[in-house]
Amino acid sequence: MSDALYQSPISPGRSWYEDSLIRPRWPQLSGSISCDVLVVGGGFTGVSAAAHLAMAGVDAVLLEGARLGDGASGRNGGQMGTGQRLWPEELEASFGYERAKALFDIAEDAKQHLVDFTNRHGIEADLQAGQLSVAHKRRFLKPYQEHAEILATRFNYDKVSFHDRAGMADLLGSDCYYGGLRDSGTYHLNPLKLLTGTAAVAGSAGARLFEQTPVTALTEQGGRIVAQTPYGTVTAARVLVATNAHGGDIDAIAASHVMPIRSFIVATEPLAEPHRIIPGNESVDDSRFVVRYFRKSPDNCLLFGGREAYMPETGNIGATILKQIRDIYPHLKDVGFTHAWGGSVGITMTRMPYVSATRSGITYIGGFSGHGVMLSNFFGRLYAETVTGGPNRLQVLQDLDIPAFPGGQWLRTPLLFLAMTWFALRDRI
Ligand SMILES: Cc1cc2nc3c(=O)[nH]c(=O)nc-3n(C[C@H](O)[C@H](O)[C@H](O)COP(=O)(O)OP(=O)(O)OC[C@H]3O[C@@H](n4cnc5c(N)ncnc54)[C@H](O)[C@@H]3O)c2cc1C
Numbered sequence: 001m002s003d004a005l006y007q008s009p010i011s012p013g014r015s016w017y018e019d020s021l022i023r024p025r026w027p028q029l030s031g032s033i034s035c036d037v038l039v040v041g042g043g044f045t046g047v048s049a050a051a052h053l054a055m056a057g058v059d060a061v062l063l064e065g066a067r068l069g070d071g072a073s074g075r076n077g078g079q080m081g082t083g084q085r086l087w088p089e090e091l092e093a094s095f096g097y098e099r100a101k102a103l104f105d106i107a108e109d110a111k112q113h114l115v116d117f118t119n120r121h122g123i124e125a126d127l128q129a130g131q132l133s134v135a136h137k138r139r140f141l142k143p144y145q146e147h148a149e150i151l152a153t154r155f156n157y158d159k160v161s162f163h164d165r166a167g168m169a170d171l172l173g174s175d176c177y178y179g180g181l182r183d184s185g186t187y188h189l190n191p192l193k194l195l196t197g198t199a200a201v202a203g204s205a206g207a208r209l210f211e212q213t214p215v216t217a218l219t220e221q222g223g224r225i226v227a228q229t230p231y232g233t234v235t236a237a238r239v240l241v242a243t244n245a246h247g248g249d250i251d252a253i254a255a256s257h258v259m260p261i262r263s264f265i266v267a268t269e270p271l272a273e274p275h276r277i278i279p280g281n282e283s284v285d286d287s288r289f290v291v292r293y294f295r296k297s298p299d300n301c302l303l304f305g306g307r308e309a310y311m312p313e314t315g316n317i318g319a320t321i322l323k324q325i326r327d328i329y330p331h332l333k334d335v336g337f338t339h340a341w342g343g344s345v346g347i348t349m350t351r352m353p354y355v356s357a358t359r360s361g362i363t364y365i366g367g368f369s370g371h372g373v374m375l376s377n378f379f380g381r382l383y384a385e386t387v388t389g390g391p392n393r394l395q396v397l398q399d400l401d402i403p404a405f406p407g408g409q410w411l412r413t414p415l416l417f418l419a420m421t422w423f424a425l426r427d428r429i
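Everything in the sequence shown is counted per the UniProt record's numbering, starting at 1 for the first residue and increasing by one.
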């Protein structure tokens, strides 16, 4: 199939990102091979791990069931929010200041890592500074204002400023939000460019990357781990399972901790009056549970995400999102779309990433709960550092002891559907 027609087999729709670059192809596995470390899953976590393992001289193989970036990593909103998905003051209430600060610092290191990594390897990922977080209800304003103060006074992060309704209207080009925060210390980017650039680094450093090679089982044989695929086997001393929301079949324990929800994005045609929308080119996310997130592309299309689904259906992606765009920018009521697509977000019970050594030699990293652009890339690097004898900086994540979703294999999905639908309804109250 020609690349212009390619559709991810695991995520709905062709993304705008796929038409923003020429996407390299990687071979399919053929035969049986062995290596030191096998990485399963070619999203940010897996590709970054493969790159850092190979750069450290480790013989690494990566197997991707579809194409690199066909999961969440090549199709997301591209926003790098500061900190973890939970605010540090929320983490402090649960775990105390020291652990909350350690988790905040790891996220700041993740941000810096991406800036340095893209610079060092010349990866053109359309990195652009600035993020606006906006309140869709008046009641969220005070927590936002306090959050900015707490970040500055307790977490040494003074790049967030509070803006009232009029100030935010100037930044957004819309007065439909009550106000919010501007974070000048974070970024947004083209995720598929980052992913393909990182894969190129991995390949040049000697990692062997294979696409369209799904792992069907991981078994232990004589102290080594054997990955079965339809096209051959890979035998390794260690395995990183980086399958995120897609990996149910090969690791049941991880699957009980990370569940998929669908999120959808559209790209509009280039805007006729781009200066009327987010003139500072920040990315935007709002205070809804079903968060609306949007930004302009370098060629002035609006990339707008907003609809979620908790069961594996797709529906009419564009119609719902067009209504959401009109709420914010009424002058775009007739805007056309060029792309509408979705992806699976891996979420956990606590919305913190799930890091676990489930069986000897097998590590699982995933469940970034919609906050993985910078964390997943960095955690891939941290995994490589642990393998090569560096400090285990992932321990602070492992210690979070994320619980499994309740309901067992059969009830988990319906229970999640009910819980998410309830929270989504609260957005309107
Ligand atoms: C629509 C959408 C918008 C988002 N927006 C943002 C955002 O703005 N900011 C942010 O921080 N985060 C966002 N996220 C989340 C972010 O994209 C993820 O946290 C991150 O990409 C996770 O990377 P990953 O490598 O862990 O997983 P993935 O990118 O999902 O990769 C997992 C890979 O494993 C492969 N795989 C699964 N099973 C197997 C198998 N058995 N054998 C071989 N391969 C297998 C899959 O094919 C897939 O390619 C968004 C996600 C979505 C879907």
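Glycine included, every Cβ here is placed at the ideal spot set by N, Cα and C.
Problem - Segments assigned beta strand (DSSP E), at least 3 residues, entirely inside the segment 192-238 - result: 208-210, 217-221, 224-229
Practice task
Inspect the beta-carbon positions of G248 and V241 and report whether they are closer than 8 Å.
Solution key: no
Handout entry: Segment limits, beta strand (DSSP E) that includes H121
Key = Run containing H121: none; DSSP gives neither H nor E here.
Problem - Cβ-based burial, R295 [other Cβ within 10 Å; buried from 16] - result: buried
Handout entry: Within 8 Å, strictly: CB atoms of R85 and G380
Key = no
Exercise for the section: Alpha carbon to alpha carbon, how far is V396 from L103? Give it in angstroms, no decimals. Expected result: 7 Å
Handout entry: Neighbourhood of V387 by C-beta distance below 7 Å, restricted to the same chain and skipping five residues each side
Key = V37, L53, V58, R238
Practice task
Would you check if there are 3 or more beta carbon pairs closer than 8 Å linking the segment 196-208 to the segment 27-47?
Solution key: yes
Problem - Nearest-angstrom Cα separation, counted from L332 out to E273 - result: 10 Å
Exercise for the section: Note down the Cα distance separating G346 from A217, rounded to an integer number of angstroms. Expected result: 21 Å
Handout entry: ligand 1 heavy atom lying under 7 Å from the CB of Q128
Key = no
Practice task
Examine ligand 1 and report whether any of its heavy atoms sits within less than 7 Å of the Cβ of G13.
Solution key: no
Exercise for the section: Can you have a look at I325 and say buried or exposed, based on whether 16 or more other CB atoms are within 10 angstroms of its CB? Expected result: buried
Practice task
Count the other CB atoms, across all protein chains shown, that sit within 10 Å of the CB of H275; report buried if there are 16 or more and exposed otherwise.
Solution key: exposed
Problem - Proximity test, F368 beta-carbon vs ligand 1 heavy atom, cut-off 7 Å - result: yes
Practice task
To the nearest angstrom, report how far apart G206 and T243 are at their CA atoms.
Solution key: 22 Å
Problem - Alpha carbon of C176 to alpha carbon of V40, nearest angstrom - result: 44 Å
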